[in-house]
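Asks: Residue numbers (the working numbering), protein chains in the order written: chain A, 3 to 461; chain B, 84 to 716.
Quick reminder that beta carbons are idealized off the backbone N, C-alpha and C, glycines included.
Given the structure is predicted, the values throughout are model-derived calculations rather than measurements.
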Ligand SMILES: Nc1nc2c(ncn2[C@@H]2O[C@H](COP(=O)(O)OP(=O)(O)O)[C@@H](O)[C@H]2O)c(=O)[nH]1
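(1) Ligand 1 and residue 18 of chain A: does any heavy atom of the ligand fall closer than 8 Å to the residue's C-beta?
(2) Taking 9 Å as the threshold (C-beta atoms), are residue 603 of chain B and residue 650 of chain B in contact?
(3) In chain B, which residues lie with their C-beta within 7 Å of the C-beta of residue 428 of chain A?
(4) Per DSSP, which one or two residues make a beta bridge with residue 280 of chain B?
(5) At a cut-off of 8 Å, would you count residue 336 of chain A as near ligand 1, judging by its Cβ distance to the nearest heavy atom?
(6) Residue 265 of chain A and residue 243 of chain A look like a contact to me (Cβ under 8 Å); what is the Cβ gap, rounded to whole Å?
(7) Does the beta-carbon of residue 53 of chain A have 16 or more other beta-carbons within 10 angstroms, so that it is buried, or is it exposed?
(8) In chain A, which residues lie less than 8 Å from residue 166 of chain B when you measure between Cβ atoms?
(9) In whole angstroms, what separates the C-alpha of residue 322 of chain B from that of residue 191 of chain B?
(10) Between the segment 139 to 148 of chain B and the segment 459 to 466 of chain B, can you find at least three pairs of beta-carbon atoms closer than 8 Å?
(11) Are the Cβ atoms of residue 2 of chain A and residue 38 of chain A separated by less than 9 Å?
(12) Kindly say whether residue 432 of chain A, judged by its beta-carbon, lies nearer than 9 Å to any beta-carbon of chain B.
(13) Taking a contact to mean a Cβ-Cβ separation below 9 Å, would you say residue 111 of chain B touches residue 117 of chain B in this structure?
(14) Relative to the alpha-carbon of residue 669 of chain B, which residue among B:688, B:437, B:679 has its alpha-carbon at the smallest distance?
(15) What residue does the alpha helix (DSSP H) around residue 561 of chain B start on, and which one ends it?
(16) Who are the near neighbours of residue 493 of chain A in its chain, counting only those whose CB is closer than 7 Å to its CB and skipping five residues on each side?
(17) Can you tell which of A:20, A:400, A:10, A:297 has its C-alpha closest to the C-alpha of residue 212 of chain A?
(18) For a contact defined as C-beta to C-beta under 8 Å, what are the partners of residue 172 of chain B on chain A?
(19) I need the straight-line Cα distance from residue 441 of chain A to residue 171 of chain A, nearest angstrom please.
(20) When we look at the beta-carbon of residue 711 of chain B and count the other beta-carbons within 10 Å, is it buried (16 or more) or exposed?
(21) Taking the Cβ atom as the reference point for each residue, do residue 622 of chain B and residue 461 of chain B lie within a distance shorter than 9 Å?
(22) Does the beta carbon of residue 120 of chain A sit closer than 9 Å to a beta carbon anywhere in chain B?
(23) Could you tell me the distance, in whole angstroms, from the CA atom of residue 30 of chain A to the CA atom of residue 12 of chain A?
(24) State yes or no: is the C-beta of residue 339 of chain A nearer than 8 Å to some heavy atom of ligand 1?
(25) Taking Cβ-Cβ distances shorter than 9 Å, what residues in chain A pair up with residue 510 of chain B?
(26) Would you check if the distance between the CB atom of residue 206 of chain B and the CB atom of residue 127 of chain B is smaller than 9 Å?
(27) Can you tell me which of B:379, B:174, B:481, B:530 puts its alpha carbon nearest to the alpha carbon of residue 181 of chain A?
(28) Using Cβ-Cβ distances below 7 Å, what residues of the segment 512 to 524 of chain B are close to chain A?
(29) Are the beta-carbon atoms of residue 521 of chain B and residue 178 of chain B separated by less than 9 Å?
(30) Just to check, is the beta-carbon of residue 233 of chain A closer than 8 Å to a non-hydrogen atom of ligand 1?
(31) Would you say residue 652 of chain B reaches chain A, if we count a Cβ-Cβ gap shorter than 9 Å as a contact?
(32) Whole angstroms is fine: what's the gap from residue 616 of chain B's alpha carbon to residue 439 of chain B's?
(33) To the nearest whole angstrom, what separates the beta carbons of residue 229 of chain A and residue 308 of chain A, a pair I think is in contact under 8 Å?
(34) Based on the DSSP secondary-structure assignment, which residues constitute the bridge partners of residue 220 of chain B?
(35) Does the beta carbon of residue 478 of chain A fall short of 8 Å from some heavy atom of ligand 1?
(36) I'd like to know whether the C-beta of residue 804 of chain B is nearer than 9 Å to at least one C-beta of chain A.
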């Protein structure tokens, strides 16, 4: 629980060696905290003007650092409260000393995400925008960054606002239908009302098209490398990562556990997983690795199945492929440089395979195509969506929109199956509530807690 | 007449009659003062009671032991259930009444009340002593003492009638004097005054109408009563007639628009958007090809007709001219001209939910004086004001109806917390719990409340108990009875519904579309048993069939109530937050809460206000693209 009376402070940059560290102070006491850190008799710097000042210990007056200070007066600040931003020197000592001085001057250490939470609670941002800020900061891919910036710019909020306004309009049509039975102009026919609602259903549905992929943007899609030992998985893993991460050996079965690395493929985030070699008669250590591999396969968003190009699929491979559920499989014919141009000895196709291509990590052949293909396979809907279409990157948004979609659907069904209009309208109100939740018109405390838990201190 | 009463009611319209009756039924000495005792309960506009939402209010007034339901049954000459093609939650009973019989019936009901005295006299001032009400002073100079005074003066406060471009005639109603002194007296007491206008259409001589050129509209053949506790004798029934105003009328109105008091700038007050004059309709909807006109009988023993749909403030000659463009009215003779009236009202945010004026203990307002339109809205306020005046005198807890208890609760809450900017009329869409607030369950919602406050006679109490018991028996039967697939099969087949796979509770069957309570009863009890009355069965059917929807409505409202920890700065410009209710703005500005949760605990700040408050704060900060929508949605 938060009241609006206390003042908070936190280091907003990463602790450790850095030229500059930024400390933010927010709350009604922000200016007074700052003035306690200034030399006696030194006036407060002008608002919204970066000013070089000397920072002194509030108790003994010793000099702590020289810092560039900017003061913001409520409500024109990030949080909507009085704020101070101190750019002091970074490193191990200075930021800690300054923060401690702030504390003694009356500020308390901010909780995770508290600055943004205050910004939200003061109406500077809506909930979707607040979440977008977290994503902008945490984005590990250009794709998430793009989606987050769009959302921060109210891309999602505007769409939701528009949908909500139109649901309200449908409700108003029904109100007219119910309240003016004898008006001159005939009431809007119910099919027209249902058609409007169906249109809204379709739009909500279209917005949901990016939902599962959008969530992957935040975590990274799981791309699992699989294939027999020595198929070239570790080599490909390293090639995609661009650095020597896995141990590459000639001995079958040496990659015992799964290696995981975050990587951007074609601007989209992936978690690349190199699993142990899969083999019919494994040793004990490898058995452990295979177990890990199977677990990862269940979580996979895409499977990169490696087969040496000169060998082709074996029966063992096919048995394995038949077990893959859900995720699309890309059949990668590795070591293309060693293979002749002719078709491989084994079979080259399987029902589970969505795509097939040849790669050589030696020559670099096919690596670019592989990146593109994998990206399109996993993020096809996000890629296909127009630039103005907000990408749903959070389950919270998708869940709310799903509720809205369901209620709109039930509304149409109810209306068409003869449920009285004023009863059916209940579903419209529920759809409205669901949409309102995305931007947080009035949301329950627990939703807020979940949202703001994701922020780290200082944002 | 005595010189001292517990409660004095000023005005004998629909609000006054209900207020006086309620106060007297509550057991305190009550006096009704009105300038013309012959016109108590007069229908000054359309001779009809009810309609969508309004009909529910009439039923609510009746359930509370009021006058309106009985008077309507005793004088109605046509009955129709509006919205019958729609769901039962929005059915609106409407009765055309005999304009002469209605007041007679009202008077007869008032005369039954031993605690009520009537006296014909104009009131010039409300006496205030030491900040609280002490009584009234009459035109004749008499001072009458009272513990509480209910003012229900309708459109009489500084009323001015406008017919055409004439300067305007001081009047409370056609042919009656306005109350000027009283308006001034109330203003002196520190109350804010504003002005509204409303209009009436001309009346015509039915003998000069060619009905063959109109469409006959008969009433519904249904056994229906507004009164739940008393069976009045229902008069003979009459049809209405429908015709259409087209291009000819449009031309006449357009050509004479300058001569209209409404458009000639004579009238400053705002009029109701929902009951527009014909000038309004033609100016605002120039493309509408035609406008519906109802010719409604004024009574059984007169040929006079009320021309519903053509209210106007054009000059008399123009009225006759445009009337004669309407099919069937080519040779019509006008009996009364239509007119517009502007009048004082007291913006109702100055009231408490009891309808007591804030800052003047013991003074109550009800009816059009509070900025409403309609007999039903007036009656609903009158009964609440009358009950509370009596309770005040007796030192008992106030009687307040919540928004989920009655349309009357919605009405008063809207008035008090939002204020009005045009004459207020009830709509179903004003109620967030309209599925609960039905015409069929008014007695169930409000009867017990009235009984517990001693507002029902013993006899009425017995009628209520019988009715509720009968409903309960049927409710329990549906909840407890299990129906086998074989028994249910014919019912489900008739309803086009899929068969049961296992024995199922009767209530589940009823929840299926097109399955009726009577069908289920008949199938499950082929031997008969005691058959419940049709209206009892209808109430239960609606109650059970739609309980899922009602529960969902409730859950949503509850969720809104659990507010977030949204911080509110202490210096928000609440006065400018126009999407909030008037009372909310005022209270918030006074209290200046620190969070939304605190704001939600302030009485008078509704969930909708909280929503809008968040939106306003965001809009202020430039952070949202939501356009806050008004209360009307
Ligand atoms: N010529 C050639 N050799 C490769 C290529 N990829 C992998 N190899 C070799 O194949 C062997 C097995 O590779 P590794 O990545 O360890 O296979 P894993 O067991 O599937 O992880 C190693 O000796 C690699 O150097 C390639 O594209 N071309």
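Replies: The answer reads as follows:
(1) Every heavy atom of ligand 1 is 8 Å or more from the Cβ of residue 18 of chain A, so no.
(2) Not closer than 9 Å, so no.
(3) Listed along chain B, the residues sitting closer than 7 Å to residue 428 of chain A by beta-carbon distance are 632, 635, 636.
(4) Beta-bridge partners assigned by DSSP to residue 280 of chain B: B:425.
(5) Proximity of the beta carbon of residue 336 of chain A to ligand 1 is indicated: a heavy atom of the ligand is located closer than 8 Å.
(6) Yes, residue 265 of chain A and residue 243 of chain A are in contact; Cβ-Cβ is about 6 Å, under 8 Å.
(7) With fewer than 16 neighbouring CB atoms inside 10 Å of its own CB, residue 53 of chain A falls in the exposed class.
(8) The contacting residues are 180, 183.
(9) Residue 322 of chain B and residue 191 of chain B have their C-alpha atoms roughly 27 Å apart.
(10) Touching, yes, given that three or more Cβ pairs across the two stretches are closer than 8 Å.
(11) The structure shown does not extend to residue 2 of chain A, since chain A spans only 3 to 461, so no value can be given for it.
(12) Interface residue, yes.
(13) With respect to the 9 Å criterion, residue 111 of chain B and residue 117 of chain B are not classified as neighbours on the basis of their beta carbons.
(14) Minimum Cα distance to residue 669 of chain B is reached at B:688.
(15) For residue 561 of chain B, the enclosing alpha helix (DSSP H) begins and ends at 541 to 563.
(16) Since the first residue of chain A shown is 3 and the last is 461, residue 493 of chain A is not available in this structure.
(17) Shortest Cα-Cα distance from residue 212 of chain A to any of A:20, A:400, A:10, A:297 involves A:400.
(18) Residues of chain A passing the Cβ test: 422, 424, 425.
(19) Distance between the alpha carbons of residue 441 of chain A and residue 171 of chain A: 19 Å.
(20) At residue 711 of chain B the pLDDT is 34, less than 50, meaning the model places this residue with poor confidence; the figure from the coordinates comes in the next sentence. By the Cβ-count criterion, residue 711 of chain B is buried, with 16 or more other Cβ atoms from all chains shown falling within 10 Å of its own Cβ.
(21) Taking 9 Å as the cut-off, the beta carbon of residue 622 of chain B is found no closer than this to the beta carbon of residue 461 of chain B.
(22) At least one chain B Cβ lies under 9 Å of residue 120 of chain A.
(23) Whole-angstrom Cα-Cα distance: 15 Å.
(24) Yes.
(25) Within 9 Å Cβ-Cβ: 177, 180, 181, 182.
(26) It is not a contact, given that the beta carbons lie outside the stated cut-off.
(27) Of the residues B:379, B:174, B:481, B:530, the one whose Cα lies closest to the Cα of residue 181 of chain A is B:174.
(28) From the segment 512 to 524 of chain B, only 512, 517, 518 have a Cβ closer than 7 Å to chain A.
(29) In this structure, residue 178 of chain B does not lie closer than 9 Å to residue 521 of chain B by Cβ.
(30) Residue 233 of chain A Cβ: within cutoff of ligand 1.
(31) With 9 Å as the cut-off, residue 652 of chain B counts as an interface residue toward chain A.
(32) C-alpha separation (whole angstroms): 41 Å.
(33) Between residue 229 of chain A and residue 308 of chain A, the beta carbon gap of about 3 Å places them in contact (Cβ cut-off 8 Å).
(34) The secondary-structure analysis by DSSP pairs residue 220 of chain B across a beta bridge with B:208, B:226.
(35) This structure leaves residue 478 of chain A out entirely; chain A is present only between 3 and 461.
(36) Examination of residue 804 of chain B is not possible in this model, given that chain B is present from 84 through 716 alone.
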